[in-house]
Structures are given as C-alpha cells and as structure tokens.
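Colleague: Can you read through this structure? Questions will come right after.
Chains as they are written, first to last, in the working numbering: chain A, 1 to 401; chain B, 402 to 802.
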C-alpha cells in the first residue's frame, strides 16, 4: 500500500538525508542517541540506599507517602495514589469512573495500546475517536457531531444506537505531553453525560491554561515508566480531586484490605497495584529534579525547532499558545501523507545511531481491537503516516562541549 | 459466635500467657519483633547502584534476565518469567491454562485473597475446596469424591452439573511453604481433565519429594513481595516447563508487542506486568543468599518446635517426612477449635511486641466471593480458628547474643 496524498495542499516532499543531517547537527557528537533515557543526577542513590538500609523496600514505607505528597504538590490534585505502573492506574481510574462490563469507552485510536487494554481489563468495549492536527489528541468537535448522530440519551445516560451499549466514559490522552482541547471536550462530556478519565501518562509537567493536566477529569492516570519524563523504574499514579474516589483508589490498589492490626479481611475485589517503596525512593529523587528536566527538554525542543525551520516538508510539533507542554517526546510531522518518506527517515536515522520511531500503530488496526466500534479516523490515520518521534531525553538539553 | 469444638478428642486448653512466654524465650531480647522482614546482607546495594549508574532501571535490563536465569537454576524449571508481582504472575498463569470467562476454577478457601482475585480477573468463577490437616493445603481425596458427585465429563472436559459451567483448572497453594499432596492431586487432575496451576507464591525453596514446588503444574507463580523469603520490593515470576507457554508468558507480560526495531504492533491483549530492572537487581542479590536464608529459617523452626514441646494444647506445624518446607511462615496450630484462645494469644503477643496474626479470612466468607460454589469446608474452617502465624524472618534464625 502506498499513501501519498497531501495533507497540506502542494506540500513539498521531504529530503530525508538532509533531515537526518539536521538531527545530527542538533544532537552533536553523541552517538548512539536513544529516543528517551532517564537522567539520574540527584538524590537517587541516597534515597534508594536509605530504603535498603531500613529494610522498607516493599508496599509500605515512607517514600511512597512522600512521593504521593510531592505529586499532590506538583500537580495541584487533592489526591495522588502511587501504583505499580500507568496501565494499572488507568485500569483503576476506569473502575472508579463506573465503567462496567459491556459498557463502551470512547478513546483516541492514536494512543499507546495500554489505554485500550485498560478498557479491555474492565471487560468494556473500546470505541475509537479521531484526533486533531493541532493537539494530536482527541477531536472534541468531531466527537460531538458523531455522538449526536450515533447516540441516544436514556434516563440521563448515553447509549450507542447502533450497538445498544451504554457509553460511559471518554479518555482523552495527552499525546507526547500536549494537552487535549479540554475547553472543547468538557461541554461534550456534559451534553452526553460522559465521565472524563484523563490518560495523563505522558503529560507530567504539562499544563492546560495554567492547570496541570489530570485535574480536569474525574480521575486521571500518570506513568513513571523508564522512558517517561521522570521514572520510578516502573510506576504510575492515580490523581483525583474527588474526596470519595481518592481514598477508594488507595483501597482498591491495596487489595481492598480492611485496616486492622492483624486480621486479613477484604471487602471487595481489589488489586495488588501498590508502588513498592524502593521504586518510590527513586521517584522522590526524580521529582525533585522535574523542573530542571522540563527546562532542559524545552531547550532541546527550541533547538529542534530552529534547526528544522529551513527544512521543507516537515515541522517540529509545538505547543498551542494556551498550553504548556512537557515535550515528553518531540515529534517531527511530515506535511505530506508520505509513509515511504517516513520509513526512509526511520531507517536512515536508526542506522546512524539516532533513536527514532513512528507513532504507535492505531489501536483499531490491531487484530484484537479491529472489530471495535470507531468513527471516521481520517486525521489519526494521516498522522500515523506522518509522525516521527526523535530523541528527547532531558540530558540532550544540556549543551554538548 | 463461640467455637469450642475439639479437633483432637479431649484436647487440653491452651495456657495463653505461657505460650507468649515461650515465644519470648525463643525470640530473646529483640523487641519489637515483626512477623516477617527481609534481610539485606549481600550484594543488594552493589547491584542496585550498578542499575542506577547505568540508567537501566526499567523493563529492559541485564538484572531481569539474570534474575530469571537464577530462578531457572534454583527451581529446575525450564522457563522463568519475572513479573511485577505474584498476583500478576498467577493471573497470567490462569490465562495460559486456558481459563475463559465463566469457567470455574477450583482453589482452596484457605489462601490469601490474591489467589481468588486472580480467578476473578479472568472473569472466571472461584470454586472453593477444603484443606487437609497434614499439609494445610487442598485435600485431593475429598476433592476427588466431591467432583465424582457434582461433575460430569463431556467431550473430555469437566462440567459442574449444578451450575452448568466448565471446570477448567485447579490451583493448589502451598500454604506457608508446605507442599500440597501432589501425588494425591495429580491423578485427580488426570481423571477430571483439570489443568493444574500451582500457586507457589509462598514456597520458593520448598520441595515435594525432591522436586522444587512449581514444577508439577502446567504453570506456576512465585511471589517476591516484601514479606516473602526473598524480596524484590514487589515482584513475582511465572515458572513452566512447557516450551510453548514459556515464550508466550514473556509475550503476554510485555504488552504482547511484536519485536521490531521501532514499530509498535501488538498481536493480542497483553499486560504491563514486566518486573523493572531495579527490582530484579535487588532480587539477584537476594537469591544469592537464599540457601542461607533457608537454613536460618529452618534453625528458627527447630527452636520453636523444641520450645513448644512441653506446651499443652498447641503444636508448631512441621513439614511432612517426604517434603522439605522453606518454613516461610511458622504456624502454631491449636489442638482445640478455640477462637477465643486464638484471639487472646494474638492480643497478648502483639501487645508485647511480638508480631503474630491469624490465617487469612477464608475466601468464601469475604462478601464478594460469598456466592461462589464451594464444597464442605469443615477442615479449612477449623484451621482458620486454630492457626496463629509467629515471627519467621530469616534473621531470627541467627542466635542472639
């Protein structure tokens, strides 16, 4: 299959060799350069050693509590619950949002498979939504028109006329750290009575109109996987401002055990999703450096933007004027729908030791989700053929000597 | 409710104060003494530091591979796949065993809630089985008689006549490290065509007739939670000798991503269940010390056994002649069904800084599982009223000075 339709009318073709040269210019003599690696330049050792020396490495410990307090302080959310990873966090978020088996959950087709898997873990049905060019996230206007067409309200709940299933929630995912158009999405949720669950796995340090992402949904999930802006090895967190759901999130992620000096009673199906203390120790040290990481990443993006200005047929994706992105992963976006140019750039850059990758295969094209309901996904499909992620580690923001 | 039926005819009542004195005698001047804490006396810090220094803390790294190799060497299993915890490992084991939604899975009512939850995660139905006095594990003979009564074989599969559901698997759990009667269970599995999934969360270092536990089922799960014989903070593993299921377990626990230089394609619903490298680094150091931990724990048990010999009405649970237990948690077992004596012992010992606890509340009495099918659970119910776990850390096996 060959795609060479033009997104930008008469867009020029990309000179792939030149683009690779520009990347090399920005990255300097470092080689090879990975797509994203963590930076351990703070108290990582000190805290982890303290953790080992005291013996408190597991699911109870002072670093987990401290990590959660730091997240609350940084994001402004009222509750933060540290989990074993971002997928686990999102799974519990969906349960907290009242997603039941056989419900449908709206989410972008353009996301990492974990978003879609989390819906599956609830035995609910993913329902794929298109993305928009200006945010790389879910398109609220297109969603609204689509829902007006395919849904019906019954007793204050939204139902899919075609499948008969209840549509319970919508999961905006802030792609590469760029916030979804929340002012557009909130009224859609209100109109169709959808619970909003933010997948903020990629957007720690990203702000929508001054507010940290993860604060606009009923609940939201963060990720601290090894490739994220800050890492705990593996880890995630649930954020919420809801005084009922905060404690409930903690309860569900700690096997739903009823607190007692010694007895082991559990009052509902719970999960072994608590972040171990040793991972939280690493996380505390990483969070202390987050402002520095963010400014280094921002410096790197500026250099990419400058360097690619003269390059025809491609742009560096930038934040909208009313948002502040963490620039977790920088993205080149081709002007033309030209998957061959994309693949040549991927081949050539990786051959030269520059870690690049395409965006995730759209979820509706994965075999296990190919039968799920979906709206027209024209923009997501085009973006999939045009996006190339380029090296984005904070460390690359420091000037090489 | 008061229970004071006698398990042992005319069993004498326990002198609770005396029992607490005996515990104090064995534990010496240490105070307080927790039920089980880890011992970090080897290369923990060296390995974890190496992990941080190289930046490989997350889901890919040399320590995860090394940890798996060490597990293979120690247990004799052909494949070991490190996971984020034991619950995750058991969940995937059940999927590998072909457990489908609405199947029934046989498991002991006397187990930690995670065993039962893992069945629930597959949207299968737990079906509770009684335990036996001599192993504290599932009773194969009673199970066999029960299945002969309530099941029917159709096209080589076992169905519950009462519910109409398929009974797919049985999960023996090796309580406190004491192996289930496997010679009794294997023919039951053959007769009723049940897949055996071993929950070996508590039995790393336990042997059934010379073979390490976890090798007799089709697949099995281990746990390295903070309270286990060796710990990775939080962690688990899947063991199997099956050449198809080994690689499939790895695939399922790493989001089912198809290996490729850069593309992100996944061919089935997968899980973010991979153990992070930093946790595996801790685990490698711990496994190096496992033989020493086992001998320390054994020394502690001998001291408990000696000390409690003259105490009427209670015994220290010991391994069967043909098994070798890791003695993960030592257990006192009251001769009489006397929950009041049990509770007084729990109260008094904990007050004096000695960490003791009862066994888990039986799963069929937890609200979310109270409607599940169950056989007569008389022995498990009696054991629940008679078991008290006492401090069992390896470190307590060293003689105090």
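C-beta: ideal position from N, C-alpha, C; glycine also.
If we count the other Cβ atoms within 10 Å of its Cβ and call it buried at 16 or more, is residue 474 of chain B buried or exposed?
Modeller: Exposed is the call here.
Colleague: Indicate whether at least one CB of chain A lies closer than 8 Å to the CB of residue 665 of chain B.
Modeller: Residue 665 of chain B counts as touching chain A.
Colleague: Taking the alpha carbon of residue 126 of chain A as the point to measure from, which residue in A:270, A:365, A:78 and A:11 has its own alpha carbon closest?
Modeller: Nearest option by C-alpha distance: A:365.
Colleague: If you measure from the beta carbon of residue 361 of chain A to each beta carbon in chain B, is any gap under 8 Å?
Modeller: With 8 Å as the cut-off, residue 361 of chain A counts as an interface residue toward chain B.
Colleague: Distance, Cα to Cα, residue 522 of chain B vs residue 47 of chain A?
Modeller: Looking at the two C-alpha atoms, the distance is approximately 35 Å.
Colleague: Identify the residues that DSSP records as bridge partners of residue 417 of chain A: which are they?
Modeller: Not covered by the structure: residue 417 of chain A. The range shown for chain A is 1 to 401.
Colleague: By the DSSP assignment, the alpha helix (DSSP H) with residue 251 of chain A in it spans what residues?
Modeller: 245-253 is the span of the alpha helix (DSSP H), which, as asked, contains residue 251 of chain A.
Colleague: Please report how far the alpha carbon of residue 175 of chain A lies from the alpha carbon of residue 310 of chain A, in whole angstroms.
Modeller: Those two C-alpha atoms are separated by around 26 Å.
Colleague: Taking only the alpha-carbon atoms, compute the straight-line gap between residue 686 of chain B and residue 538 of chain B and give it to the nearest angstrom.
Modeller: For residue 686 of chain B and residue 538 of chain B, the distance between alpha carbons rounds to 31 Å.
Colleague: By Cβ distance, which residues of its chain are closer than 7 Å to residue 382 of chain A, with the 5 residues on each side in sequence left out?
Modeller: Once the five neighbours on either side are set aside, the close Cβ partners of residue 382 of chain A are 7 and 337.
Colleague: Does residue 1 of chain A pass the burial test, meaning 16 or more other C-beta atoms within 10 Å, or should it be called exposed?
Modeller: Residue confidence for residue 1 of chain A is low, a pLDDT of 41 falling below 50, so the modelled location carries little weight and cannot support an answer.
Colleague: How do the segment 596-613 of chain B and the segment 724-738 of chain B stand: do at least 3 beta-carbon pairs fall below 8 Å, yes or no?
Modeller: In short, these stretches touch, since the Cβ pair count reaches three.
Colleague: Check the Cβ of residue 450 of chain B against every Cβ in chain A and list those closer than 9 Å, keeping chain order.
Modeller: Under the 9 Å cutoff, chain A gives 45, 48 and 49.
Colleague: Measure from the C-beta of residue 499 of chain B to each C-beta in chain A and report whether the shortest distance is under 8 Å.
Modeller: Not closer than 8 Å to any Cβ of chain A, the Cβ of residue 499 of chain B fails to qualify, so no.
Colleague: Tell me whether the segment 407-421 of chain B and the segment 709-724 of chain B touch, counting them as touching only if at least three CB pairs, one residue from each stretch, are closer than 8 Å.
Modeller: Judged by Cβ distances under 8 Å, the segment 407-421 of chain B makes contact with the segment 709-724 of chain B, as three or more pairs qualify.
Colleague: Tell me residue 632 of chain B's beta-bridge partners as DSSP assigns them.
Modeller: Answer by DSSP bridge pairing: none, since residue 632 of chain B is not bridged.
Colleague: Beta-carbon within less than 7 Å of residue 152 of chain A's beta-carbon, same chain only, minus the 5 sequence neighbours each way: which residues are those?
Modeller: Once the five neighbours on either side are set aside, the close Cβ partners of residue 152 of chain A are 159 and 161.
Colleague: Counting only the same chain and skipping the five closest in sequence on each side, list residues whose C-beta sits under 7 Å from that of residue 708 of chain B.
Modeller: Hits under 7 Å: 423, 426 and 427.
Colleague: How many angstroms separate the CA atom of residue 278 of chain A from the CA atom of residue 56 of chain A?
Modeller: Each residue's Cα considered, the two are about 8 Å apart.
Colleague: Would you identify the three-state DSSP class for residue 768 of chain B, choosing helix, strand or coil?
Modeller: Of the three classes helix, strand and coil, the one that applies to residue 768 of chain B here is helix, per DSSP.
Colleague: Taking Cβ-Cβ distances shorter than 7 Å, what residues in chain B pair up with residue 374 of chain A?
Modeller: Those within 7 Å of residue 374 of chain A in chain B number zero; the least Cβ separation is about 17 Å.
Colleague: For the beta strand (DSSP E) containing residue 569 of chain B, name the first residue and the last one.
Modeller: Per DSSP, residue 569 of chain B belongs to the beta strand (DSSP E) from 567-571.
Colleague: Strictly below 9 Å CB to CB, what residues from chain A border residue 592 of chain B?
Modeller: By Cβ distance, chain A contributes nothing, its closest Cβ being about 32 Å from residue 592 of chain B, past 9 Å.
Colleague: Give the range of the beta strand (DSSP E) segment to which residue 505 of chain B is assigned.
Modeller: First-last of the beta strand (DSSP E) with residue 505 of chain B: 505-509.
Colleague: Report the residues of the segment 126-139 of chain A with a CB closer than 7 Å to any CB of chain B, ordered along the chain.
Modeller: Flagged: no residues at all.
Colleague: Using three-state DSSP, classify residue 390 of chain B as helix, strand or coil.
Modeller: The structure shown does not extend to residue 390 of chain B, since chain B is modelled only from 402 through 802, so no value can be given for it.
Colleague: Listed in chain order, which residues of the segment 481-515 of chain B have Cβ atoms closer than 9 Å to some Cβ of chain A?
Modeller: Correct list: 485, 486, 487, 488, 489, 502, 513, 514 and 515.
Colleague: In this structure, how does DSSP classify residue 559 of chain B when only helix, strand and coil are distinguished?
Modeller: Residue 559 of chain B falls in the strand class under three-state DSSP.
Colleague: Could you please give the first and the last residue of the uninterrupted alpha helix (DSSP H) stretch that includes residue 481 of chain B?
Modeller: Per DSSP, residue 481 of chain B belongs to no alpha helix (DSSP H); it is in the beta strand (DSSP E), 480-484.
Colleague: Where does residue 608 of chain B fall in DSSP's three states?
Modeller: Strand, per DSSP.
Colleague: Could you name the residues of chain B that residue 269 of chain A contacts, counting a contact when the two beta carbons are closer than 8 Å?
Modeller: 518, 521 and 769, listed in chain order.
Colleague: Tell me the start and end of each unbroken beta strand (DSSP E) in the segment 700-754 of chain B that is at least 3 residues and wholly inside, in chain order.
Modeller: Listed in chain order, they are 715-717 and 731-735.
Colleague: Any contact between the segment 241-253 of chain A and the segment 641-657 of chain B? By contact I mean 3 or more CB pairs, one from each, below 8 Å.
Modeller: Because the criterion of three Cβ pairs below 8 Å is not met, the segment 241-253 of chain A and the segment 641-657 of chain B do not touch.
Colleague: Could you pull the DSSP bridge partners for residue 622 of chain B from this structure?
Modeller: Paired residue(s): B:600 and B:639.
Colleague: Interface residues of chain B around residue 37 of chain A at Cβ under 7 Å?
Modeller: The answer, in chain order, is 456.
Colleague: Thinking C-alpha only, which one of B:586, B:579 and B:535 is nearest residue 546 of chain B?
Modeller: Ranking the options by Cα distance to residue 546 of chain B, first place goes to B:586.
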